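Under this note's numbering, the first residue of the sequence shown is numbered 798, with each subsequent residue one higher.
Backbone N, C-alpha and C define an ideal beta-carbon position, used for all residues, glycine too.
Note that the coordinates shown come from a computational prediction; the quantities given were computed from them, not determined experimentally.
The structure under discussion appears below in the form of structure tokens.
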Amino acid sequence: MNGKALAPSSAPWESLGAVLGFPDEDQEFWWKTTAPVLGKFLVKANYTMDQQYAYLSWYHRYILSSYGPRPEPGKERTWRAQCTPNAAPFQPSWNLQNNKSTVRFTIEPIGHSAGTRLDPFNQLAAFDLMKTLKAASPDVEDSWFYHCAKELYVPKDLINIMLAVKGPPKGPKPPTCFLAFDLDSSKIETKAYFFPHIRAWNMGITQGELVINAVRGLADVDLSAGLDHFEEYLNSGGPVSHKNVEMLAIDCVDPAKARAKIYVNSFNNSFNKIKDLYTMGGRLQDAAVQESLAPLAELWKLMYEMPKEGNWEDVEIPSIMHHRSCFVIGYEFKTGEAWPTTKIYFPMWHYAKNDVQISEALAAFYAKQGWNDLAASYKQDVEEIFLEPEMPNSAGTHQYLSFAAKAKSELYVTMYYSPTIPHLTQRHEPSPVGEGKPMMMGPPGSRPPLPLRALQAVWPVLKWVVPGQI
798 MNGKALAPSS
808 APWESLGAVL
818 GFPDEDQEFW
828 WKTTAPVLGK
838 FLVKANYTMD
848 QQYAYLSWYH
858 RYILSSYGPR
868 PEPGKERTWR
878 AQCTPNAAPF
888 QPSWNLQNNK
898 STVRFTIEPI
908 GHSAGTRLDP
918 FNQLAAFDLM
928 KTLKAASPDV
938 EDSWFYHCAK
948 ELYVPKDLIN
958 IMLAVKGPPK
968 GPKPPTCFLA
978 FDLDSSKIET
988 KAYFFPHIRA
998 WNMGITQGEL
1008 VINAVRGLAD
1018 VDLSAGLDHF
1028 EEYLNSGGPV
1038 SHKNVEMLAI
1048 DCVDPAKARA
1058 KIYVNSFNNS
1068 FNKIKDLYTM
1078 GGRLQDAAVQ
1088 ESLAPLAELW
1098 KLMYEMPKEG
1108 NWEDVEIPSI
1118 MHHRSCFVIG
1128 YEFKTGEAWP
1138 TTKIYFPMWH
1148 YAKNDVQISE
1158 ALAAFYAKQG
1168 WNDLAASYKQ
1178 DVEEIFLEPE
1188 MPNSAGTHQY
1198 LSFAAKAKSE
1208 LYVTMYYSPT
1218 IPHLTQRHEP
1228 SPVGEGKPMM
1238 MGPPGSRPPL
1248 PLRALQAVWP
1258 VLKWVVPGQI
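Structure representation (structure tokens):
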């Protein structure tokens, strides 16, 4: 028992931490700062005690090592996590569908060499974790993962060219890959998220072009019908274009059942603009989408102060020029489906006075959907999970809220959270990540500078004289 006595009524994360122990101080730190949050979500979502122990044991065994080095006071980190505004590499989420709760979490795998010459764009840690997960479970399908990594990662030769031109990257860098896990009642489902920024810039094309081409190349499926409709919408002169594409996600399951999801960013938003994005300019006319427009309007008016008279649907919410203040719209593609399905991600912390205000607005929305038990306990649940004393004074725990219609009269809502991790950026302090330009990057669709293009052309001859190949 690792030399530690257990309290008579220890929580599962306390018992497991005492019994299983840790191979190093890094993993002990990440367990103590993330496992209690994950464990409390499992409790609030009514997972059985057996399920809590099973999922936390799996988390201890397979996930902890992927967080990388722990933050230490006065010690500069070579890689800053970007899956949360707090620079925490752990993002828990709480999914609600038909009054059923599912706990999820996303991590940004970080290697010990991330941000250095050995791994300047943190591309190796996700590979290591995926290999571990595949070895542990035959249900993890990795063919799409490796295809997307091949298409969207920066190749080794190109990294060496960039290192030769400018050396290891300094300052903010775009993310490379996140992995996410749905803790369903009987299994764990894995998803991967890829960011195309640097690769698209090096190729001189937009992120949208790169991502759509990657999706068209996925094996064992034909997603062309949905992608054709999506590209038609991007080219229609509407609110977004290929330049707004931010991210690609894939399910790590049997391709026949898997989804590919393309995410776009939208700034300067009104309800009608979001409605346009959600319905693809009115192209999506199925009953589920149309019936969800009324609760979508309810949520909008609960979250944002709208005028009581006049055409509130065209009133833009205040513009905040921060990379995390945008709305995100996800377009999901699946084999056999002619049209994508859509999901909206509301940015929470930039448009609220504090987390208490957000909790109260969400509780009111849940009550309107008939989720009465959750509505009654939500505010207290969040306070007990995060133990964050600054909730009444600032926003930051609530990060994004996703909204979608999965079936007629059935909503699909997920709340994403940003926990505070000691020695990282405080919860209410805006993150600088993404406000500066990533290494040698320009606007979407721009081309690399001439010296870099020239080196790319002659690299097959010169690469043997450039040190630091990885």
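* Span of the alpha helix (DSSP H), counted from its first residue to its last, around Trp1136 -> Where Trp1136 is concerned, there is no enclosing alpha helix (DSSP H), because DSSP gives it neither an H nor an E.
* Run through the segment 1044-1081 for me and flag every whole alpha helix (DSSP H) of 4 or more residues, listed as ranges in chain order. => 1068-1075
* **Which residues DSSP lists as bridging Thr1211, in chain order** => Asn892 and Ser1199
* Secondary structure of Gly814, DSSP reduced to three states -> helix
* What does a CB cutoff of less than 8 Å around Val1112 pick up in its chain, not counting 5 residues either side in sequence? -> Ser1067, Phe1068, Met1103 and Pro1104
* Simplified DSSP state of Pro1144, which is helix, strand or coil -> strand
* To do: On the DSSP bridge assignment, give the partners of Lys897 in chain order.
  => Beta-bridge partners assigned by DSSP to Lys897: Gln894.
* Asked: Which residues share a DSSP beta bridge with Leu980?
  -> Val900 and Ile985
* With 16 other Cβ atoms within 10 Å as the buried cut-off, status of Leu915 -> It counts as exposed.
* **Three-state secondary structure (DSSP) of Cys945** => helix
* Asked: Tell me which same chain residues have a C-beta within less than 6 Å of the C-beta of Pro906, skipping the five on either side of it?
  -> Ser863, Ala922, Ala923 and Leu926
* To do: Note down, in chain order, each residue of its chain lying with its Cβ closer than 6 Å to the Cβ of Phe819, except the 5 sequence neighbours on either side.
  => Glu825
* Asked: Does the distance from the CB of Ile860 to the CB of Trp941 come in under 7 Å?
  -> no
* Asked: Cα separation between Trp1168 and Thr899?
  -> 14 Å
* **Reduced DSSP category for Glu873 - H, G, I as helix; E, B as strand; rest coil** => coil
* To do: Identify every residue that forms a DSSP beta bridge with Pro911.
  => The sequence shown places Ala at residue 911, rather than the Pro named in the question. According to DSSP, Ala911 bridges with Asp916.
* To do: Under 8 Å by Cβ, that's how I've got Pro882 and Ser1215 pegged, so tell me the actual separation to the nearest angstrom.
  => Sure, about 6 Å apart at Cβ, within 8 Å.
* To do: Verify whether the separation of the beta carbon atoms of Ala884 and Leu1221 is less than 7 Å.
  => In contact: Ala884 and Leu1221 (Cβ atoms closer than 7 Å).
* Pro809: buried (16+ other C-beta within 10 angstroms of its C-beta) or exposed? -> Answer is buried; the Cβ neighbour count reaches 16.
* Spatial neighbours of Glu1181 within its chain, please: CB distance less than 6 Å, with the 5 preceding and 5 following residues excluded, ordered by chain position. => none
* Asked: Among Lys953, Ile985, Ile1218 and Pro833, which residue has its Cα nearest to the Cα of Arg901?
  -> Ile985
* **Presumed contact (8 Å Cβ cut-off) between Gln894 and Lys1203, rounded CB distance** => 6 Å
* **At least three beta-carbon pairs within less than 8 Å, the segment 1174-1190 to the segment 1148-1166** => yes
* Asked: For the putative contact between Gln750 and Gln1196, defined by C-beta atoms under 8 Å, what is the C-beta separation to the nearest angstrom?
  -> Shown here, the chain extends from 798 to 1267; a query on residue 750 therefore has no answer.
* To do: Would you mind stating whether Trp1146 and Ala1091 have Cβ atoms separated by less than 7 Å?
  => Contact flag unset, no.
* Do Gly1078 and Tyr1030 have their CB atoms nearer than 7 Å? -> Cβ distance < 7 Å, so Gly1078 and Tyr1030 count as in contact.
* Can you tell me which of Pro1219, Thr1217, Met1212 and Ile1218 puts its alpha carbon nearest to the alpha carbon of Ser890? => Met1212
* Measure the alpha-carbon distance for Gly912 versus Gln1004 and round it to whole angstroms. => 22 Å
* **Ala1084 burial status per 10 Å Cβ neighbour count (16 or more: buried)** => exposed
* Asked: For the alpha helix (DSSP H) that contains Asp847, what are its first and last residues?
  -> Met846 to Tyr859
* **Under the three-state DSSP convention, the category Tyr1101 falls into** => coil
* Asked: Near Phe1162, which residues of its chain fall below 7 Å by C-beta distance, leaving aside the five closest residues on each side in sequence?
  -> Glu1095, Leu1096 and Leu1099
* Asked: Are Pro1036 and Lys1070 close, meaning C-beta to C-beta below 7 Å?
  -> Against a cut-off of 7 Å, the Cβ pair of Lys1070 and Pro1036 comes out as a contact.
* Straight-line CA distance for Trp876 to Ala1160? -> 36 Å
* To do: Name the two residues that bound the continuous alpha helix (DSSP H) containing Pro972.
  => Pro972 -> no alpha helix (DSSP H), and no H or E assigned at all.
* For the alpha helix (DSSP H) containing Val951, list its first residue and its last residue. => Counting along the chain, Val951 falls outside any alpha helix (DSSP H), and DSSP gives it neither H nor E.
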